[in-house]
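Peer 1: As they're listed, the protein sequences go chains A and B. Read in order, the letters of the first sequence correspond to residues 895 to 1007 in this note's numbering. Read in order, the letters of the second sequence correspond to residues 712 to 822 in this note's numbering.
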Amino acid sequence: NAGVTQTPKFQVLKTGQSMTLQCAQDMNHNSMYWYRQDPGMGLRLIYYSASEGTTDKGEVPNGYNVSRLNKREFSLRLESAAPSQTSVYFCASNDRAWNTEAFFGQGTRLTVV
Amino acid sequence: SQQGEEDPQALSIQEGENATMNCSYKTSINNLQWYRQNSGRGLVHLILIRSNEREKHSGRLRVTLDTSKKSSSLLITASRAADTASYFCAAQRGSNYKLTFGKGTLLTVNP
């Protein structure tokens, strides 16, 4: 009964390096989301995917790309990491059918030095 | 800009007191949700209120929604030290059910 699983949990990158954050859900949900959380800023939406094969920009998409690989998986890629991308990243999913709650992963704490 | 704004940013109360948090939003919604986050953890859903509902209860939680004022409030009654956490409102809108969050209220319940 995993729910939403994010990997890795922690990561340190050097400026300019690339990496992919992985997210998988086992609840057969249609919608998936990536957020970043910074102190005092709450959660800001980076990208979301309403269904397999579709992705849309959120509030802060610059510097990120996403792939909705299949219904279960939604990855977030940083092509050239910058210190401003130091944050905690959360993946979430929900059933788009009608007015449903979102389920969150435990987060990835990313530090870019 | 973020679509939800919680008020107050921080709230400190004594155990047994009630805690009220408010949320305002800017554009029409499908529903308004409240989440809780313990320090360093993921978010946990508390309650959802649909745009055609005005009040909803779940245990010690009471949420109201005023679509004319574009605002919602979360009331936690008879608070406990274990209620200490950050609370976020989230607005879901559009045919793609985009879900955006406010900045949150940090609630501290003192024993």
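Even glycine gets a Cβ: it sits at the ideal position worked out from N, Cα and C. Quick caveat, the model's predicted, so the values are computed rather than measured.
I'd like the list of long-range same chain contacts for Q720 (chain B), defined as Cβ closer than 6 Å, with 5 residues on each side in sequence excluded.
Peer 2: Working through the second sequence from its first residue, we reach residue 720 (chain B) at position 9. Hits under 6 Å: none found.
Peer 1: Name, going along the chain, the residues of the region 795-816 of chain B whose beta-carbon falls closer than 7 Å to a beta-carbon of chain A.
Peer 2: Per Cβ criterion, the list reads F799, N807, Y808, K809, L810, T811, F812, G813, K814 and G815.
Peer 1: I want to verify the contact list: residues of chain A whose CB lies under 8 Å from the CB of L759 (chain B), in sequence order.
Peer 2: The residue given as residue 759 (chain B) occupies position 48 in the second sequence. Simply N993, T994 and E995.
Peer 1: Between the alpha carbons of T1005 (chain A) and S974 (chain A), how many angstroms are there, rounded?
Peer 2: As a working mapping, residue 1005 (chain A) is identified with position 111 in the first sequence. As a working mapping, residue 974 (chain A) is identified with position 80 in the first sequence. T1005 (chain A) and S974 (chain A): Cα-Cα distance of roughly 13 Å.
Peer 1: Using the DSSP secondary-structure output, state which residues sit across from Q720 (chain B) in a beta bridge.
Peer 2: Your numbering for residue 720 (chain B) matches position 9 in the second sequence. DSSP links Q720 (chain B) through a beta bridge to no other residue.
Peer 1: Considering just the uninterrupted stretch of the beta strand (DSSP E) at Y806 (chain B), what are its terminal residues?
Peer 2: The residue given as residue 806 (chain B) occupies position 95 in the second sequence. Contrary to the premise, residue 806 (chain B) reads as Ser rather than Tyr in this sequence. Run containing S806 (chain B): none; DSSP gives neither H nor E here.
Peer 1: Would K737 (chain B) be called buried (16 or more neighbouring beta carbons within 10 Å of its own) or exposed?
Peer 2: In the second sequence, residue 737 (chain B) corresponds to position 26, counting from 1. Per the 10 Å Cβ criterion, exposed.
Peer 1: Taking the alpha-carbon positions, what's the Q713 (chain B) to E766 (chain B) distance?
Peer 2: Numbered from 1 along the second sequence, position 2 holds the residue referred to as residue 713 (chain B). Numbered from 1 along the second sequence, position 55 holds the residue referred to as residue 766 (chain B). Residue placement at Q713 (chain B) is poorly supported in this model, since its pLDDT is 41, which falls under 50; the coordinates still yield a value, given next. Approximately 24 Å, taken between the alpha carbons.
Peer 1: Taking the CB atoms as reference points, tell me whether S961 (chain A) and C917 (chain A) lie closer together than 8 Å.
Peer 2: If you number the first sequence from 1, residue 961 (chain A) lands on position 67. If you number the first sequence from 1, residue 917 (chain A) lands on position 23. Contact annotation: S961 (chain A) and C917 (chain A) have beta-carbon atoms that are not nearer than 8 Å.
Peer 1: Helix, strand or coil: which one does DSSP assign to D777 (chain B)?
Peer 2: Within the second sequence, numbered from 1, the residue matching residue 777 (chain B) stands at position 66. Strand at D777 (chain B).
Peer 1: Can you have a look at G770 (chain B) and say buried or exposed, based on whether 16 or more other CB atoms are within 10 angstroms of its CB?
Peer 2: Position 59 of the second sequence holds residue 770 (chain B). When all chains shown are included, G770 (chain B) counts as exposed.
Peer 1: Smallest Cα separation from Y927 (chain A): which of A:Y942, A:R938, A:M913 and A:T948?
Peer 2: Within the first sequence, the letter at position 33 stands for residue 927 (chain A). Comparing Cα-Cα distances from Y927 (chain A) to each of A:Y942, A:R938, A:M913 and A:T948, the minimum goes to A:Y942.
Peer 1: Could you tell me which residues DSSP puts in a beta bridge with K767 (chain B)?
Peer 2: The residue you call residue 767 (chain B) lines up with position 56 of the second sequence. Note: K767 (chain B) sits in a beta bridge opposite B:V774.
Peer 1: Which term fits H768 (chain B), buried or exposed, when burial requires 16 or more other beta carbons within 10 angstroms of its beta carbon?
Peer 2: Here the question's residue 768 (chain B) lines up with position 57 in the second sequence. Exposed, because fewer than 16 other Cβ atoms sit within 10 Å of the Cβ of H768 (chain B).
Peer 1: Determine the extent of the beta strand (DSSP E) in which L963 (chain A) is found, giving its start and end residues.
Peer 2: Taking the first sequence and counting its residues from 1, the one referred to as residue 963 (chain A) is at position 69. Premise fails: L963 (chain A) is in no beta strand (DSSP E) and is neither H nor E.
Peer 1: Kindly list the residues whose CB is nearer than 7 Å to the CB of V820 (chain B), restricted to its own chain and excluding five residues on each side of it in sequence; keep chain order.
Peer 2: Locating residue 820 (chain B) in the second sequence gives position 109, where the first residue counts as 1. The answer, listed in chain order, is I724, E726, S790, R791, A792, D794 and T795.
Peer 1: In chain order, what residues of the same chain lie with their CB nearer than 6 Å to the CB of A986 (chain A), ignoring the 5 residues before and after it?
Peer 2: For the purposes of this step, residue 986 (chain A) is identified with residue 92 of the first sequence, where counting begins at 1. Result list for A986 (chain A): Y927, A996 and F998, in chain order.
Peer 1: Looking at the strands, I want to know which residues DSSP matches up with D950 (chain A).
Peer 2: Translated into the one-based positions of the first sequence, residue 950 (chain A) becomes position 56. For D950 (chain A), which the question treats as bridged, DSSP gives the partners A:Y942.
Peer 1: Going by alpha carbons, who is nearest to G813 (chain B) out of B:R761, B:F799, B:N807 and B:S783?
Peer 2: Taking the second sequence and counting its residues from 1, the one referred to as residue 813 (chain B) is at position 102. Closest option to G813 (chain B), Cα to Cα, is B:F799.
Peer 1: Would Q744 (chain B) and H756 (chain B) be called neighbours here (beta carbons separated by less than 8 Å)?
Peer 2: Position 33 of the second sequence, counting from 1, holds the residue named residue 744 (chain B). Position 45 of the second sequence, counting from 1, holds the residue named residue 756 (chain B). The answer is yes: Cβ separation under 8 Å.
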